[in-house]
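Reviewing the structure listed below.
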Amino acid sequence: MAVIEVCDICRKEISKSNGITLDCSDWNGWDYPVGVPIRTERNYKVRICDKCKDNIIKYCKRNAR
Ligand SMILES: [Zn+2]
């Protein structure tokens, strides 16, 4: 089964050999262990194609002090 991956920024399809995968985590998850919503850690992966990666690098360099 072919797995089609899409870039999380531009939504274009990317092949396995293209782009990078980032392991991300934040505290935007929600859980209800005792009926009260609490913030929980979320872990997810983000796929970014080479084109968007280059754009991010360019953007960061432009804004670097
Ligand atoms: Zn992209």
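Residue numbers (the numbering used here): -6 to 58.
Note that CB positions come from ideal geometry on N, CA and C, so glycine has one too.
Apart from the five residues just before and just after Y37, which ones in its own chain have a Cβ nearer than 6 Å to its Cβ?
In the sequence shown, residue 37 corresponds to position 44, counting from 1. Excluding sequence neighbours, Y37 sits near C17.
Kindly examine ligand 1 and report whether one of its heavy atoms sits closer than 7 Å to the Cβ of C17.
In the sequence shown, counting from the first residue as 1, residue 17 sits at position 24. Checking the Cβ of C17 against ligand 1 gives no.
Y25: first and last residue of the uninterrupted alpha helix (DSSP H) it sits in
In the sequence shown, counting from the first residue as 1, residue 25 sits at position 32. From DSSP, Y25 is part of no alpha helix (DSSP H); its letter is neither H nor E.
What span of residues does the alpha helix (DSSP H) with N36 cover, start to end?
Your numbering for residue 36 matches position 43 in the sequence shown. Here N36 belongs to no alpha helix (DSSP H); instead the beta strand (DSSP E) covers I31 to I41.
What number of angstroms, rounded off, separates the C-alpha of G28 from the C-alpha of K44?
Taking the first residue of the sequence shown as 1, we reach residue 28 at position 35. Taking the first residue of the sequence shown as 1, we reach residue 44 at position 51. When rounded, the distance between both Cα atoms is 44 Å.
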